[in-house]
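Student: Residue numbers (the working numbering), protein chains in the order written: chain D, 8 to 344; chain R, -18 to 241.
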Amino acid sequence: MRISAFSNPSRKQNAPSSAVAGIKVSQGNHCEQSPGRRHAVEAHRLMKKYGTFTAVDEIDFIVERGESFGLLGPNGAGKSTTMRMIYCRTPLTSGHLLVEGWDVRHDQSKIKALVGIVPQENNLDPDLNVIDNLNVYARYFRIPAGEAQDRAEELLDFMGLTEKRNTWVEALSGGMKRRLIVARALMNNPKVLVLDEPTTGLDPHVRHDLWDRLRELRRRQITILLSTHYMEEAQTLCDRLIIMDRGKILALGKPLDLIERNVSRFVLEVHEVDGRSPLSLAPKVIAEAHGATHYYFAPSPELLTPLISKYSDHKSLLRPSNLEDVFLKLTGRDRLD
Amino acid sequence: MSGSTLLQIDFFDAFAVWRRNYDVNLRLWKAEVLPPLLEPAVSILAFGWGIGSLIAAKVTGIPYLMFVGAGILVVTGLVRAILECTYGAYFRMVYQSTYDAILSTPIGVASLGAGEILWAASKAAFDSLLIMVILLLFDILHSPMSVLIPVVIMVGATGLAAVAFAYTASISSIYQYNYFIGVAFSSLWICGAYFPVDRLPLVLQYLSWALPITSVVDLSRDLMTGRLDSWSMLEAAWIIVSALLAGEIALRRLSKRMYQ
Ligand SMILES: Nc1ncnc2c1ncn2[C@@H]1O[C@H](COP(=O)(O)OP(=O)(O)OP(=O)(O)O)[C@@H](O)[C@H]1O
Ligand SMILES: [Mg+2]
């Protein structure tokens, strides 16, 4: 399991001479921009339209090298579209986008050689078995056959798929397919790994398993871009993340900072309160009603405990607030109504 | 987009795509190679012995078995190319997302399309080689120039495969193939494979000669009998030019489809 020992793919990269000049990207507190320094990803006023519909609406962000960066947002927020522009599968409508200093408009094959991709939809080759999926994929990167074979065996081991080496892809479970796609994404020894909902539909064991592998890759300084609908996943894996909605970035920052900034530390949930309006309270307590649930946010639990007795005939839960609260607050809890 | 998309082909990359299909077919060769050749083999028997026995006169100066043998040889290859770049390509493009995966690697769309089209053409050439073995058994491959026939079929099949591929890249449902298959298979009946083009009404004769496949049939037959002339050169040029043209259109359609 020594992926770091892999030699470089045969499509060798020379450093690009310079990043796009004159771009000033200002983002949250975490991100200093020193001129000339290259980032893993730099997006400036990045926009994507499908016909007249704007899927990604002039967003700015920077992903540092070696960082794990999350993309969160409701269905249709524009996460996949943003990622597809990063790995050059979808052309941008306007704006600038650099990956490892290369321009997605002009240096596509260079970028694609550096990036590993786990797409949202499985696109393994059903006409090939597990090991051939990796070997044939390696050919697209011009990795010599012997080297590809060694790497494929190592990656199957790394992803726990060695037993399935000669199985047809169709005969794999959903979780195994997902793991094989991650293995495939690592075949070209990428500097940047783009994972579009890698754990959707996986059972908790497989999910935690995959998290461990991703942490391992993170230790090896691979830049990771990850989209997910699991807030817990984002919280444990991502150094920083953005929350998107309707093509725009609503918030950017470290998971804990985002929680501090957007909601108070503690929350009391009260369920099944149909028709009642939230109680008026101490100034530091913020109440929100969404559907049949009331939420009371406060900086300390003591401010919330008196409320529990007022709702004695309802189910209630006092807990630390989390990323999900931020997500729901920013993207609107009642958007499904 | 300006400039030729053909110039964006990287043949090393196209070969990687070709190899993918080759590998898959190598695994499936029992199903992929022999059964599709049964029908053309039987049709040579049917035309040669059956219909041929009713035709006493020579056709364009050669026995009917020889005339139709050349036709079946070419049509077999062309049908293969059509099927590969219609249903085969559509499955890979839409249902299997194979193209999506390939385009996520450094391989560009022009090389992907070229790999697919050239694969279809290679399969056509390969099939024609096997049919030629059958024709050899019937002793109707007279000229040593016959060894060039697979080359002609490969280039001709490239053009037809490119047309099919352009159509594939443009449709949104597999049922739309009914139109294409209807037109393509009809044209195979008027391309001089089974009877000489000059038996057609004049309008259809013009139409027939406008179709490059008519030239593929005619040129292949001339190679078989060793009767090349300046008209053959013209046919060769038309086959090549039309293949390049169709290839350009196919790659543009694919690019439009894959990069939205
Ligand atoms: N090829 C396309 N043509 C037209 N519209 C598209 C296309 N792809 C995406 N869209 C639209 O762009 C918007 C953003 O889609 P995108 O797939 O980026 O969302 P997402 O954040 O990944 O959502 P999800 O969580 O459901 O995966 C959606 O409204 C979607 O309908
Ligand atoms: Mg998505």
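For every residue, glycine included, the Cβ atom is placed at its ideal position computed from N, Cα and C.
1) Can you tell me which of the three DSSP states M251/D falls into?
2) DSSP state of R52/D, grouped into three classes?
3) Just checking K322/D against ligand 1 - is the residue's beta carbon closer than 8 Å to any of the ligand's heavy atoms?
4) Given the structure, does M251/D come close to ligand 1, in the sense that its CB is under 8 Å from one of the ligand's heavy atoms?
5) Quick check on V40/R: does DSSP put it in helix, strand or coil?
6) If distances are taken between C-alpha atoms only, which option among N2/R, R202/R, L7/R comes closest to R73/R?
7) Using a Cβ-Cβ cut-off of 8 Å (strictly less than) and excluding sequence neighbours within five positions of I256/D, which residues of its own chain qualify?
8) Alpha carbon to alpha carbon, how far is K55/D from A62/D? Give it in angstroms, no decimals.
9) Where does N36/D sit, in a helix, a strand or coil, going by DSSP?
10) So that I know if they touch, is there some Cβ in chain R lying closer than 9 Å to that of S271/D?
11) The region 233 to 263 of chain D: which residues have C-beta closer than 7 Å to a C-beta of chain R, in chain order?
12) So which residues of chain R does A155/D contact, with C-beta pairs closer than 9 Å?
13) Counting C-beta neighbours from all protein chains within 10 Å, is the total for L224/D 16 or more, i.e. buried, or is it exposed?
14) Is DSSP giving P313/D helix, strand or coil here?
15) Along the chain, which unbroken stretches of the alpha helix (DSSP H) at least 4 residues long are found entirely within the region 81 to 132 of chain D?
16) Check whether the Cβ atoms of G69/R and W(-1)/R lie closer than 9 Å to each other.
17) Taking buried to mean at least 16 other C-beta atoms within 10 Å of its own C-beta, is P205/D buried or exposed?
18) State buried or exposed for T59/D, treating a residue as buried only when at least 16 other CB atoms are found within 10 Å of its CB.
19) Is T89/D close to ligand 1? I mean its beta-carbon at under 8 Å from any heavy atom of the ligand.
20) Tell me, please, which residues DSSP counts as bridged to R136/D.
21) For H123/R, report the span of its beta strand (DSSP E) as first-last.
22) Is G173/R helix, strand or coil by DSSP?
23) Near G29/R, what residues of its chain come up, given a Cβ to Cβ distance below 6 Å and the 5 sequence neighbours on each side ignored?
24) Are the Cβ atoms of R208/R and G52/R separated by less than 9 Å?
25) Could you have a look at A28/D and say whether DSSP puts it in helix, strand or coil?
26) Along the region 68 to 101 of chain R, where does the CB come closer than 7 Å to a CB of chain D? Name the residues.
27) Taking DSSP as the reference, what is the three-state secondary structure of L9/R?
28) Nearest to A142/R by CA position, among F48/R, L226/R, S(-15)/R, is which residue?
29) The beta strand (DSSP E) that contains F334/D, what's its start and end?
30) Ligand 2 and S234/D: does the residue's C-beta get closer than 8 Å to at least one heavy atom of that ligand?
31) Is it buried or exposed, V292/D, if we count other Cβ atoms within 10 angstroms and call 16 or more buried?
32) Less than 8 Å between the CB of Q157/R and some heavy atom of ligand 2, yes or no?
33) On the DSSP bridge assignment, give the partners of Y303/D in chain order.
34) Hey, quick one: how far does the beta strand (DSSP E) through D77/D stretch, first residue to last?
35) What is the rounded straight-line gap between the Cα of K(-11)/R and the Cα of L179/D?
36) So what's D203/D in DSSP terms, helix, strand or just coil?
Tutor: So, from the data block:
1) strand
2) strand
3) no
4) yes
5) strand
6) The candidate whose alpha carbon is nearest that of R73/R is N2/R.
7) Answer for I256/D: I66, D67, F68, I249, I250, listed in chain order.
8) 6 Å
9) Confidence is the limiting factor: at N36/D the pLDDT is only 38, short of 50, which leaves the residue's position unreliable, though a coordinate-based value still follows. Coil at N36/D, not helix or strand.
10) No, its Cβ sits nowhere closer than 9 Å to a Cβ of chain R.
11) Cβ contacts with chain R come from no residue of the region 233 to 263 of chain D.
12) Correct list: empty, because the minimum Cβ distance to chain R is about 12 Å.
13) So L224/D counts as buried.
14) helix
15) 86 to 93, 115 to 121
16) no
17) buried
18) exposed
19) yes
20) For the record, residue 136/D in the displayed sequence is Asn; it is not Arg. Bridge partners of N136/D: W175/D.
21) H123/R -> no beta strand (DSSP E), and no H or E assigned at all.
22) coil
23) L46
24) no
25) Bear in mind that the predicted position of A28/D carries a pLDDT of just 39, short of 50, making it too unreliable to give a figure here.
26) Correct list: Q77, S78, T79, D81, A82, I83, L84, S85, T86, P87, I88, G89.
27) coil
28) L226/R
29) First-last for F334/D: 330 to 338, but that is the alpha helix (DSSP H), not the beta strand (DSSP E).
30) yes
31) It counts as buried.
32) It does not: the Cβ of Q157/R is nowhere closer than 8 Å to a heavy atom of ligand 2.
33) L275/D, A294/D
34) The sequence shown places Gly at residue 77/D, not Asp. That run of the beta strand (DSSP E) goes 75 to 79.
35) Per the sequence shown, the amino acid found at residue -11/R is Gln instead of Lys. Each residue's alpha carbon lies about 37 Å from the other.
36) strand
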